[in-house]
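Residue numbers (UniProt numbering), protein chains in the order written: chain A, 1 to 311; chain B, 1 to 227. Note that CB positions come from ideal geometry on N, CA and C, so glycine has one too. Single-structure report; data block below.
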Amino acid sequence: MLIHKPADVLPSEITPRSLFERRRDFLARSGAGLVAGAALWHGLPGAARASTRLQSVPSALSTTEPLTERDAVTTYNNFYEFGTDKADPARNAHKMAVRPWTVNVEGLVGKPRRFDIDELLRLAPLEERIYRLRCVEAWSMVVPWVGFPLAALLKEVEPLGSAKYVEFVTHYDPKIMIRDVIDWPYTEGLRLDEAMHPLTLLAVGVYGEVLPNQNGAPLRLVVPWKYGFKSAKSIVTIRLTEKEPATAWNKFAPQEYGFYSNVNPQVRHPRWTQATERRIGELRKRPTQMFNGYADQVASLYQGMDLKKFY
Amino acid sequence: MNLSLKAPSAGTIAAVKAVVFVLCLLPALELALGWQANTLGANPIETITRASGEWALRLLLITLAVTPLRRFSGLHWLLRLRRMLGLFAFAYAFGHFTIYLWLDQFFDWNAIALDILDRPFITVGFAAFVLLIPLAATSNSFAIRRLGGRRWQALHRSVYAIAIFAVLHFWWLVKADIGRPLLYASILAVLLGLRGWWRELERRRQLSVPPPAKHLEKKVIRLVPRQ
């Protein structure tokens, strides 16, 4: 009998080889860093000093592909409210206060409620989900998210039979965010069955720690079979509706960004080929998979639909 | 040392040329060093593609600024920098195109052909690059003599269309934030607008000058502006 004991080390906790090989170098540098860090530590208010590590359990839904480096995941971001250059969000998103934070769940539900972020963190067991992320700009990453299924939250509020769609409204504060790029607040939407799908995640962390602001702190959506822009960041309202909600990029350029925006190498886009993608950290492009490689789990959601029409 | 700004010595011009030459090389050097040191961000191929393309556009606009600068300042020797600036614009465009073919597409000719036919921003960018080739090839004294000044000048006027294509290439690439393309478009509009205005002034001047010939007095003469 073959006894296969799962590894008790989270994949994201395994030190990447490149880092391991530079460990002495790291030690030398962290000596100076510690002194500076200690000085900074004492200047921080209590809340910010709390540990940023999150306890989570591995998930069977994770991919085993090699992770994209943490540095890339946290410095190469599209979060246009903080600037349109990929490096802008990491520079500017610290201005956003992520505590206190509440998420209003409303609309066609039996028990509408306002949740505090700390409540949400305890709502369901946190899982580590390693997902492929495919951006509509033809680059991709493999990201170890920490979160829980959106379905767990939706069940709490008891969706009514008339609810067909879920709208997500994200944080917008013109005092700290830029104006006039697209129409803000940024909104996104899913069909209710997409929202209830076990792959659909509400992420609160990445790489075993709470989300950095530029990655959508304190709570973001992750829908791994759709282009990245569907995975709304820094969510403040979740609203169940009967009609298909308007979504930010679709309002801006409807011929380019559809409501569904499933990863689909066969649907052409006027700017980027969707047939191939560059995995961040790799030189050569690779073919893009239908539904970003999640076809087995999600293709049935779209049975009988013309995906060229509902792009 | 006689530093006459209006009429610098041959040595001074050579020194200025050398400085401009080195300045034009700096962005390429910075990118090459960044590539070596892996400091070009999470997507270095995107970084060098963007940077080389933007420098090609900047140098093209700088090249187009030589004539207005010369006219406003009276520093006619500036003209002697124009060929080098134009050739550097071509060099960056060539680098930009090579990075696209090689690092971005890895010589996937099907994907490249589809890009050129199917994506408007690539179509105009490709057109701009192809049209630059004959200009770069004839940027030497031999070609000017061979073609004759007039034909050479007619050929090189295509640089106005190339600059428009290059700005469109950038404009159609961006998703939503048109700030930078708009800046370049405005600069180009001023540079082209000045030429249009000068041409109009020249036309009016020609119309207002009375014909010198006595035997034509009291006859109706139609003046056709030179194309």
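Contact check, residue i vs residue j, beta carbons under 8 Å
i, j, result
"A:N264", "A:L307", "yes"
"B:I162", "B:L131", "yes"
"A:T63", "A:R132", "yes"
"A:R239", "A:G107", "yes"
"B:A111", "A:T276", "yes"
"A:E81", "A:M177", "yes"
"A:T241", "A:E167", "yes"
"A:A203", "A:V210", "no"
"B:L59", "B:Y92", "yes"
"A:E128", "A:P144", "yes"
"A:S231", "A:L219", "no"
Closest Cα partner of residue i within the set the options
i, options, result
"B:I122", "B:L64, B:L135, B:H169, B:L87", "B:H169"
"A:T52", "A:Y207, A:E81, A:G258, A:K95", "A:Y207"
"B:A176", "A:M96, A:F259, A:L67, A:A253", "A:A253"
"B:V66", "B:G11, B:L79, B:F107", "B:L79"
"A:V267", "A:R286, A:G304, A:Q303, A:F310", "A:F310"
"B:Y160", "B:L192, B:W198, B:I99", "B:L192"
"B:A51", "A:D85, A:S56, A:L54", "A:D85"
"residue 357 of chain A", "A:R220, A:A152, A:W139", "Since the displayed chain A opens at 1 and closes at 311, residue 357 of chain A lies outside it and no answer follows."
"B:L85", "B:L173, B:A7, B:V20, B:L5", "B:V20"
"A:W184", "A:D116, A:S234, A:A217", "A:S234"
"A:E119", "A:L153, A:R91, A:N78", "A:L153"
"A:E158", "A:D173, A:P174, A:L61, A:L192", "A:L192"
"B:L81", "B:S208, B:W172, B:A15, B:R199", "B:A15"
"B:G74", "B:L23, B:V220, B:L5", "B:L5"
"B:L173", "B:W109, B:L25, B:V124, B:T98", "B:V124"
"B:F72", "B:H215, B:R222, B:R205, B:W198", "B:W198"
"A:A60", "A:A246, A:D116, A:I130, A:A151", "A:I130"
Cβ shell of residue i (< 7 Å), same chain only, five flanking positions each side left out
i, result
"A:Y227", "R134, C135, V136, S261, V263"
"A:P212", "T74"
"A:P66", "V142"
"B:L203", "Residue identity check: residue 203 of chain B is Arg in the sequence provided, not Leu. These residues qualify, in order along the chain: P225."
"B:P68", "L191, L194"
"B:L101", "F107, I112"
"A:P112", "V105, E106, V157"
"A:Y294", "L199, P224, W225"
DSSP three-state assignment for residue i, whether helix, strand or coil
i, result
"residue 316 of chain A", "It is not possible to answer for residue 316 of chain A, since the shown part of chain A is limited to 1 through 311."
"A:R271", "coil"
"A:K226", "strand"
"A:N104", "strand"
"A:A253", "coil"
"B:L5", "coil"
"A:F168", "strand"
"A:M141", "strand"
"A:T237", "strand"
"A:D85", "coil"
"B:N43", "coil"
"A:Y294", "coil"
"A:V57", "strand"
"B:I116", "helix"
"A:L34", "With a pLDDT of only 44 at A:L34, under 50, the local geometry of the prediction cannot be trusted, and the value read off the model is given with reservation. Three-state DSSP puts A:L34 in a helix."
"A:L307", "coil"
"B:F126", "helix"
"A:T276", "strand"
"A:T288", "coil"
"A:A299", "helix"
"A:A151", "helix"
"B:R222", "coil"
Close-in-space but distant-in-sequence residues of the same chain around residue i (CB under 6 Å, 5 per side omitted)
i, result
"A:Y186", "T170, A248"
"B:F126", "I116"
"A:R29", "Its pLDDT being 45, under 50, A:R29 is placed unreliably in this model, and the value from its coordinates should be taken loosely. Closer than 6 Å at the Cβ level, and outside the excluded window around A:R29, lies no residue."
"A:S56", "L126, E127, E128, V146"
"B:P120", "W172"
"B:S158", "L131"
"A:D180", "none"
Sequence-distant residues of its chain with Cβ nearer than 8 Å to residue i (five each side left out)
i, result
"B:V167", "L57, P181, Y184, A185, L188"
"A:D25", "Model confidence at A:D25 stands at a pLDDT of 49, short of 50, so the residue's coordinates are unreliable; what they give is reported in the following sentence. Counting only Cβ-Cβ distances below 8 Å, and skipping sequence neighbours, we find nothing."
"residue 312 of chain A", "A query on residue 312 of chain A cannot be resolved here, the shown segment of chain A reaching from 1 to 311 and no further."
"B:V220", "none"
Neighbour flag for residue i against chain E, beta carbons, 8 Å
i, result
"A:K308", "In summary, chain E is missing from the structure at hand, where the protein chains are A and B."
Check: residue i C-beta below 7 Å from any heavy atom of the ligand MG
i, result
"B:P181", "The ligand MG is absent from the structure shown, which contains no ligands of any kind."
Mind listing which residues of the stretch 86-102 of chain A have their C-beta closer than 9 Å to chain B's C-betas, in chain order?
Contacts with chain B (Cβ-Cβ distance below 9 Å) from the stretch 86-102 of chain A involve K86, A87, listed in chain order.
Closer than 8 Å, Cβ to any Cβ of chain A: which residues of the stretch 119-130 of chain B, in chain order?
Cβ contacts with chain A come from R119, P120, F121.
At a Cβ cut of 8 Å, what residues of the stretch 24-56 of chain B count as close to chain A, listed as they run along the chain?
In summary, the residues of the stretch 24-56 of chain B whose CB is separated from some CB of chain A by less than 8 Å are G41, A42, N43, I45, E46, in the order they occur in the chain.
At a Cβ cut of 9 Å, what residues of the stretch 237-257 of chain A count as close to chain B, listed as they run along the chain?
Here the close residues are W249, F252, A253, E256.
Name the residues in the stretch 284-300 of chain A whose C-beta lies less than 8 Å from a C-beta of chain B; which are they?
Within the stretch 284-300 of chain A, the qualifying residues are R284, K285.
Interfacial residues, the stretch 87-115 of chain B to chain A, with Cβ spacing under 9 Å:
So the close ones are L103, D104, Q105, F106, D108, A111, L114, D115.
Between the stretch 161-174 of chain B and chain A, which residues of the former have a C-beta closer than 9 Å to a C-beta of the latter?
Listed in sequence order: W172, L173, V174.
Interfacial residues, the stretch 175-186 of chain B to chain A, with Cβ spacing under 7 Å
Within the stretch 175-186 of chain B, the qualifying residues are A176, D177.
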